[in-house]
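Down below is the structure, laid out as structure tokens.
Chains as they are written, first to last, in the numbering used here: chain A, 1434 to 2350; chain B, -10 to 148.
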């Protein structure tokens, strides 16, 4: 293709490059000029992460051709501010906590700049409009709006420079904020290697079909094609989480639309996709099943011929399309129903939903001459990925080195391999580094989703509102494979009673295979589904006995000493406190206005699972390296709370501790980021490791100073004998001497064990450590004609045990509420006959800055006994209650009976049409 | 920019085209434009041989040839020596005889040895030493290198 010369001004410098005429401005910037600060989240102008300023105006650089910038002025994030001389918007974003995963940050900052350059004093509504084309999935926009406000008002929010020095409880800014706000943080697609080529997948167009043959000859003839691989060319093993039921390529048959059957690599992404389209496969269509209820009925088409051939870690009945079944209970529900004054039944459904990270999956692999693969990828679980790859490709674990890049939003969507195996196979066959990135369409149409649910509840209640019995049947559709199905059902079984005392319980959870896109373990797996079903249903129960929703909940809510359905005895229970505080924040007790609805919902959740090990090493100059194998998916716990607690344990300034970023070759093994474990598990371990190392430092000082270790102290960089300032030694000197003598550092190590609390009943997950509790309250109105819901007030009360970093903690709640509101109001991935109909951010809506209601975050501190500091998890729970709270508020406002989500305007109009009265 | 020449050449059997400035050496283009970094720069003045490549059958130092001179020619680099995952007998012999230490001169030695064997499939030791004299090695003392080339010649003769 004939190239043309593009001459323009880029970040105040004259620039001239030769490019193909059809190059998008985004690609010219990222690929030809190596400026990877502008990100590609969708490629269709819907997400705004590629925003740059063109002659001062914010534009999506994916939507214009590079040649359109001829003679014009382009500003990218790299041109805005440099470390040391940041633009005020960048400073404010760092200090306000407006940055989490950071993927949307460059675009967000540039949109704000574009606005403020034209109108230096916009009101909040104008700010919301200006950034409404920039999607953020982490923050809920609250702290971004705070950042904008401080710039507009000409003041800075409190930050590290104002005494928030990294102590536990301070608003220390995250240590990776600077690289994110300047566009320098390297995400998976920002990895650029010499001679790198690009891969694409060939996917099944059928939901269920025999795969008869694959013909790659036409694709191979396309100039630029470097490698093609199909399932027939690879030795494949089964892999998965609890169930190992999946292979890298479909072989005998395809089981869902989008299942990979081949992979192609070529010199450009366009050639790779064209070649993929030229791979011809012959299929013989088979009857398919999409409805989980139908899948479990007799005579349904079988997704897997025999589910029992797959390895499975847990005990369960498995047959036909039944992937997993869990049953747990206590007492006698039938007897309970007899004792009850009223028995209320209901059925509730939630749709398939996408985790919605703005960063699509992307992986780059390079294979060395010995056959060992190095993989740069966006992953929440680098070590597990190594095991999955070893199983999937039948190779030793040591064949893979995973380098986790920054993650542009995880939310559970990056817990399981996606492109890694294909990139490895193509790199191996081509002898070249291969990068693969999903298009937004593939991302929405063929990656792991939130399980759609159908939950049937039957509840017996006494006249005074006391709950006596509840039968719960939960059915989840896991799609064609069940990597996280059993885990989801098992967690759901724990949520089936809500945080309530119900003496007689019967809980059944079913996971069905169907020919839908497979589902995964998305932020708070089963939480929003169960909070919707249980909290909406119990509101009806309260109404049936004529009780106020708050009073009813307070009467039945757990207290210290109550037990869960597994028989786990609870302590530090704060449901009632959360309920009361959330309710007060929306003036629950005030007389109700017709047409205005208020709703409540509460929830409980795990505070991190699995053990971990953290190391803190001395450097020879008296500073430290903190080494953990856990990655941070963007929440920021690792770059704030973990460091804050380590600094506290050591008694040194937080700046003297460097967080080591590494890979699976150099870091100690860890489970990865999920399960709300960053603070409860990783930071706890870091704190203990710090204390361990401090003891070693004091001992070393005591030996030099010939004193007793019990008399030693460490302050201001000196180790000294307490009360005797003349007997002291600089920390740096102690470390240097020790390194020189021993040929290595002092290392503080601590393991936090996977100690689940005891239960009296067997359960695959068992007791949940340090459960957290929360309650949300909402006030809303709905338009009788258009069905549009307007949330007027929202309050979220979360018991986090102890606030380690208020900014980070609020950020989790605000972002979680935004995601939960999305699930309640607009998010639904629609599959018809296994084909996703809305695989884009234009058709699958995420909350924008204009949609985010005013939110009051209330942090409650009931310390967990596991200590230190008593912090509980906060990453996942905020997304669960919005579903139930919204449904209850709408039910009150419009006098309707809510049984399914999301509450889109169309749904609300149809509910109004079928009013319960 | 503007002033670049468009060159078409065959590199390791594959037709390639690239843009280069008239002053750029073949070595610069191989490494910086085509990212074929197996060819090394040791001195950039034709003394060390680390950048040895074969152009139209002639062994030469890539640092001493302008890239624009390669229009229409056929260039062999170390990246083309192994074919479809199979090592060249010279590479196998270098591995078996440990004909390398730090490895930076290795690609150049292999290309020089290949040029020799292409011309003279059964050289004597003196001929090998003479042919490799344009390549400097600071690690091995050359004995194992010479032995590797002799062994590869034997292997090729048997094949």
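Here a beta-carbon is modelled for each residue, glycine too, at the ideal position from N, C-alpha and C.
With 16 other Cβ atoms within 10 Å as the buried cut-off, status of residue i
| i | result |
| --- | --- |
| residue 1950/A | buried |
| residue 2027/A | exposed |
| residue 1715/A | exposed |
| residue 1533/A | buried |
| residue 1778/A | exposed |
| residue 1731/A | exposed |
| residue 2155/A | exposed |
| residue 2025/A | exposed |
| residue 2045/A | buried |
| residue 2175/A | exposed |
| residue 47/B | exposed |
| residue 119/B | exposed |
Three-way DSSP call (helix, strand, coil) for residue i in this model
| i | result |
| --- | --- |
| residue 1548/A | helix |
| residue 1596/A | Its pLDDT being 47, under 50, residue 1596/A is placed unreliably by the model, and nothing is read from it. |
| residue 2346/A | helix |
| residue 2038/A | strand |
| residue 2280/A | coil |
| residue 1497/A | coil |
| residue 1629/A | coil |
| residue 2102/A | coil |
| residue 1472/A | coil |
| residue 120/B | helix |
| residue 2341/A | helix |
| residue 1515/A | strand |
| residue 1913/A | coil |
| residue 1773/A | coil |
| residue 2157/A | strand |
| residue 1952/A | strand |
| residue 1973/A | helix |
| residue 1855/A | helix |
| residue 2001/A | coil |
Top-ranked residue by Cα proximity to residue i, from the options
| i | options | result |
| --- | --- | --- |
| residue 38/B | 115/B, 139/B, 137/B and 121/B | 121/B |
| residue 1475/A | 1790/A, 2146/A, 2087/A and 1834/A | 1790/A |
| residue 2182/A | 2123/A, 1999/A and 1731/A | 2123/A |
| residue 2243/A | 1954/A, 1571/A and 2128/A | 1571/A |
| residue 1502/A | 1740/A, 1449/A and 1510/A | 1449/A |
| residue 1510/A | 1528/A, 1709/A, 1469/A and 1531/A | 1469/A |
| residue 2248/A | 2279/A, 1991/A, 1463/A and 2197/A | 2279/A |
| residue 1463/A | 2127/A, 1504/A and 1616/A | 1616/A |
| residue 2206/A | 1993/A, 1937/A, 1618/A and 1693/A | 1993/A |
| residue 1445/A | 2195/A, 2133/A, 1557/A and 1512/A | 1512/A |
Whole-angstrom C-beta distance between residue j and residue i, which should lie under 8 angstroms
| i | j | result |
| --- | --- | --- |
| residue 81/B | residue -2/B | Actually they do not touch by this definition, with Cβ atoms about 28 angstroms apart. |
| residue 1774/A | residue 1894/A | 7 angstroms |
| residue 1882/A | residue 1787/A | 6 angstroms |
| residue 140/B | residue 85/B | 7 angstroms |
| residue 1802/A | residue 1856/A | Actually they do not touch by this definition, with Cβ atoms about 18 angstroms apart. |
| residue 1919/A | residue 2036/A | Incorrect: roughly 21 angstroms between the Cβ atoms, too far for contact. |
Residue-level contact to chain D via CB, residue i, 8 angstroms cutoff
| i | result |
| --- | --- |
| residue -1/B | Of the chains in the structure shown, none is chain D; the protein chains are A and B. |
For the 8 angstroms Cβ check, are there 3 or more pairs between the region 2111 to 2126 of chain A and the region 2076 to 2085 of chain A?
yes
For the pair the region 2271 to 2291 of chain A and the region 1988 to 2008 of chain A, tell me if three or more CB-CB distances fall below 8 angstroms.
no
Could you tell me whether the region 2320 to 2328 of chain A touches the region 2338 to 2347 of chain A, where touching means 3 or more Cβ pairs closer than 8 angstroms?
yes
Counting pairs of Cβ atoms below 8 angstroms between the region 1538 to 1545 of chain A and the region 1566 to 1583 of chain A, do you hit three or more?
yes
Contact between the region 1633 to 1649 of chain A and the region 2098 to 2109 of chain A: three or more CB pairs below 8 angstroms?
no
Between the region 1808 to 1818 of chain A and the region 1888 to 1904 of chain A, can you find at least three pairs of beta-carbon atoms closer than 8 angstroms?
no
Flag this pair as touching only if the region 1957 to 1967 of chain A and the region 2307 to 2314 of chain A have three or more C-beta atom pairs under 8 angstroms; answer yes or no.
yes
Would you check if there are 3 or more beta carbon pairs closer than 8 angstroms linking the region 1797 to 1809 of chain A to the region 1571 to 1587 of chain A?
no
For the structure I just gave you, are there three or more beta carbon pairs, one from the region 1600 to 1610 of chain A and one from the region 1683 to 1702 of chain A, closer than 8 angstroms?
no
Just checking, does the region 1694 to 1713 of chain A make contact with the region 1616 to 1632 of chain A on the three C-beta pairs under 8 angstroms criterion?
yes
Would you check if the region 2053 to 2060 of chain A and the region 2215 to 2234 of chain A touch, i.e. whether three or more CB-CB distances between them fall below 8 angstroms?
no
With a threshold of 8 angstroms, are at least 3 pairs of Cβ atoms found where one atom belongs to the region 1873 to 1891 of chain A and the other to the region 1906 to 1916 of chain A?
yes
Examine the Cβ distances between the region 1934 to 1952 of chain A and the region 1965 to 1979 of chain A and report whether three or more of them are shorter than 8 angstroms.
no
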